[in-house]
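Engineer: Residue numbering for the sequence shown follows my numbering, starting at 1173 and increasing by one per position.
Heads up, the beta-carbon is just placed ideally off N, CA and C, and yes, glycines get one too.
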Amino acid sequence: MSTSSELDRDPLELLFTEYLERTRAGEAIALEDFAARHPELAEEICDLFPTMMSLEEARVSRVQPTSSHEFTAMTSSIGGPLRLGDYELLREIGAGGMGIVYEALQESMQRRVAVKVLPREFNRDKLRRQRFIQEARTVAKLSHRNIVPVIDFGEAQDRCYFTMQLIEGVSLDWVISQLAASPAPVYPSDIRLQFDHQGVPFNGTDASDEVDDDSLACEFNTIQKKDAEAARTAEKWHLKRDSWKQFARIGIQAAKALHNAHQAGILHRDIKPGNLLLDEGGIIWVTDFGLAKSEKELALTGSNDLVGTLRYIAPERFDGHFDVRSDVYALGITLMELVLQRHVFETESRAVLMKQIIAGRITPPRKINSSIPAGFERILLKATALDPDQRYASASALLQDLRAFSKGQAVTSARIEKPTRRTRRKRIRWNFTTGTLVAICVTQLALLTFLTYRVFQPASPGLGSITEVRKDLLDRVGALDAFYQPLFGRSLGEDLNRQDEIAPLAADDSRRDDLQQLAKLYRHTAAEAQHWGFREAQSDLDQRIRLITKLLGEQ
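1) By DSSP, does residue 1564 sit in helix, in strand, or in coil?
2) Going by C-alpha distance, which of 1503, 1483, 1662 and 1297 is nearest residue 1420?
3) On a CA-only basis, which of 1217, 1309 and 1332 is nearest residue 1271? Give me that one, please.
4) What are the boundary residues of the beta strand (DSSP E) that residue 1281 is part of?
5) Cα-Cα, which of 1386, 1353, 1203 and 1283 is closest to residue 1514?
6) CA-CA distance, residue 1659 and residue 1265?
7) Within the chosen definition, does the segment 1293-1306 reach the segment 1438-1453 through at least 3 CB pairs nearer than 8 Å?
8) Expressed to the nearest angstrom, what Euclidean distance is found between the alpha-carbon atoms of residue 1422 and residue 1358?
9) Looking only at C-alpha atoms, which of 1387, 1365, 1307 and 1570 sits nearest to residue 1317?
10) When you compare only the Cα positions, how much space is there between residue 1281 and residue 1324?
11) In this structure, how does DSSP classify residue 1780 when only helix, strand and coil are distinguished?
12) Let me make sure I understand the geometry here. Which of 1643, 1415, 1216 and 1585 has the alpha-carbon closest to that of residue 1706?
13) Using DSSP's beta-bridge definition, name the partner residues of residue 1327.
14) Within 8 Å of any Cβ in chain C, is that where the Cβ of residue 1282 sits?
15) Rounded to whole angstroms, what is the Cα-Cα separation between residue 1717 and residue 1215?
16) For the 8 Å Cβ check, are there 3 or more pairs between the segment 1492-1508 and the segment 1557-1569?
17) With C-beta atoms as the reference, is residue 1144 less than 8 Å away from residue 1645?
18) In whole angstroms, what separates the C-alpha of residue 1452 from that of residue 1693?
19) Look up residue 1337 in the DSSP assignment and give the residues it is bridged to.
20) Whole angstroms are fine: how far does the CA of residue 1490 sit from the CA of residue 1543?
21) From 1483, 1549, 1433 and 1450, pick the residue whose C-alpha is nearest to that of residue 1461; which is it?
22) Could you tell me the distance, in whole angstroms, from the CA atom of residue 1345 to the CA atom of residue 1697?
23) Measuring CB to CB, does residue 1326 end up less than 8 Å from residue 1257?
24) Rounded to whole angstroms, what is the Cα-Cα separation between residue 1585 and residue 1573?
25) Per DSSP, residue 1457 forms a beta bridge with which residues?
26) Please state if the CB of residue 1556 and the CB of residue 1438 are separated by a distance shorter than 8 Å.
27) Counting along the chain, where does the alpha helix (DSSP H) carrying residue 1688 start and finish?
28) Mark residue 1425 as exposed unless 16 or more other C-beta atoms lie within 10 angstroms of its C-beta, in which case mark it buried.
29) Please determine, among 1191, 1672 and 1200, the residue with the shortest C-alpha to C-alpha distance to residue 1221.
30) Would you mind reading off the limits of the alpha helix (DSSP H) that contains residue 1726?
31) Between residue 1500 and residue 1429, is the Cβ-Cβ spacing less than 8 Å?
32) Applying the 10 Å Cβ sphere with the 16-neighbour rule, what's the burial state of residue 1487?
33) What are the uninterrupted segments assigned as alpha helix (DSSP H) that are 4 or more residues long and contained completely in the segment 1523-1588, given in chain order?
34) Can the beta-carbon of residue 1525 be found less than 8 Å from the beta-carbon of residue 1517?
35) Check whether the Cβ atoms of residue 1343 and residue 1448 sit closer than 8 Å, and answer yes or no.
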């Protein structure tokens, strides 16, 4: 299975990759010209690409060690000094939208740690800086065996950073790719081998450490593998393609961590294989709380932007809703991919992927591999049910069923009730609205456009005042207007001012379907404006509807 694809990447990152490849090929590209061709991200391109180019050049020029003895001689891709406060940065071990993670030596304590650094240019961005600090504060509140702990926070050389325990492990997407590529089991020594290939020292786990009851090592703690090859006799655990109980133990550990976070009021919002680390002792560590938010914060701000990795986003998030069951869904998809050793949604089309998620088109695992135990399949299907009410109500409920399965006990609670008529009717209406928006998004090829989806909710009579109702409706009009420019390369306002000059689109123009869907949404919003007596807004919406009607040749 492919562990990374363009579906999982930020649009700004994709544009940077294009810019980088073209400049490396010798093409002279003016940054301003490149930004002008992508107006929706022009400001970020101009602000961030110079720094990203510097980081990339430093990364490429970095000296790679040939053995662990040269480890301390490595340079860093951060550019400038190798020191950051009390830390000597040794090597880059990960990067994402919220910062770069380095292995570092904390000199005062003489210990190896992981340091997450916010690049200097990002530090000037108020929103990015706030999110970065929020991640540090969020994780610092949590204390759990399966959550990577934050141990320090600071600022040096105009960069914010925080320090975490260094986990010597591999991500689950690496495990999945290994199982998919070969029938050979994955052993703890394979994790050590990964570090050896990179020329990185590996301390490993202490042999005297107590075995966690839910770790992968628990099952093998007292088993003597008499017929195993000599090199494998000391292995604490292994994972095969059909290690169903071990897969369940991975889920148990992750669910325990999520339950701990949820109990503290923290929602992760980006659970996926890449954010679950497996160490040599068979322990799972949940990491990267960069997108986490507290339930209280979501309630106070009303902000529930669609962030996270698309393949693992729960269907209700496209409708602006998120709670603990959305994290449960993401963990369910992650476990299903581990069980199947492939993506749950195989498509490479972003638009098709969104439609499949929204429609809940998940193939039952046993239809793909009939050897998967029926009880395990029921757990996975309940965790990933389309309707949040049909899922496990909490991560704790999920782990109870996973634990029962891992112990060979009957799984009785993993039943999905038949939806009531009211639930089915609600879902049909919801899918209709979502489907129309997906049709519009097809033409824009950017997940960022989906961030505006939450404003398409109907104005509620329960809002505090008529002023709030008006603001909500006008916000939705503005969001709809934003979908027009990508279709024509010019603003809606420009065309509204020259309607007399507008000619109808050709009958075979691919934009016609998108315009028809946009017109439906404008009409729906206009009906709301009429209901509330917002005459000016209704007049403005009528103008938009007339413009689109003319473009469609329906006048």
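Structural biologist: Let me lay it out:
1) Coil.
2) For the options 1503, 1483, 1662 and 1297, the alpha carbon positioned closest to that of residue 1420 is the one of 1503.
3) Nearest option by C-alpha distance: 1332.
4) Counting along the chain, residue 1281 falls outside any beta strand (DSSP E), and DSSP gives it neither H nor E.
5) For residue 1514, the nearest C-alpha among the options comes from 1353.
6) Those two C-alpha atoms are separated by around 40 Å.
7) Segments in contact, no.
8) Distance between the alpha carbons of residue 1422 and residue 1358 is about 14 Å.
9) Nearest of 1387, 1365, 1307 and 1570 to residue 1317, Cα basis: 1387.
10) The alpha-carbon atoms of residue 1281 and residue 1324 are separated by roughly 12 Å.
11) Residue coverage of the chain in this structure runs from 1173 to 1727, which leaves residue 1780 outside it and unanswerable.
12) Answer by Cα proximity: 1643.
13) Paired residues: 1332.
14) The displayed structure is made up of one protein chain only, and chain C is not part of it.
15) The alpha-carbon atoms of residue 1717 and residue 1215 are separated by roughly 31 Å.
16) Look at the beta carbons and you see the segment 1492-1508 touching the segment 1557-1569: at least three pairs across the two are nearer than 8 Å.
17) Residue 1144 falls outside the range modelled here, since the chain spans only 1173 to 1727, and no answer is possible.
18) Looking at the backbone, the Cα of residue 1452 and that of residue 1693 are separated by about 53 Å.
19) Note: residue 1337 sits in a beta bridge opposite 1285.
20) Taking the CA atoms as reference points, residue 1543 sits about 34 Å from residue 1490.
21) Of the candidates 1483, 1549, 1433 and 1450, the residue whose Cα lies closest to the Cα of residue 1461 is 1433.
22) Distance between the alpha carbons of residue 1345 and residue 1697: 43 Å.
23) Yes, they are a contact pair.
24) Computed Cα separation, rounded: 7 Å.
25) Beta-bridge pairing links residue 1457 to 1449.
26) Result no, Cβ atoms of residue 1438 and residue 1556 do not sit closer than 8 Å.
27) Note, residue 1688: alpha helix (DSSP H), 1684-1704.
28) Buried, since its Cβ has 16 or more Cβ neighbours within 10 Å.
29) That would be 1191, whose Cα lies nearest to the Cα of residue 1221.
30) Neither: residue 1726 is in no alpha helix (DSSP H) and is coded neither H nor E.
31) No; because the gap between Cβ atoms is not below 8 Å, this pair is not in contact.
32) Around the Cβ of residue 1487, a 10 Å sphere holds 16 or more other Cβ atoms; the residue is buried.
33) Here the runs fully enclosed are 1537-1540, 1546-1555 and 1567-1578.
34) Contact: yes.
35) At a Cβ-Cβ threshold of 8 Å, residue 1343 and residue 1448 count as neighbours.
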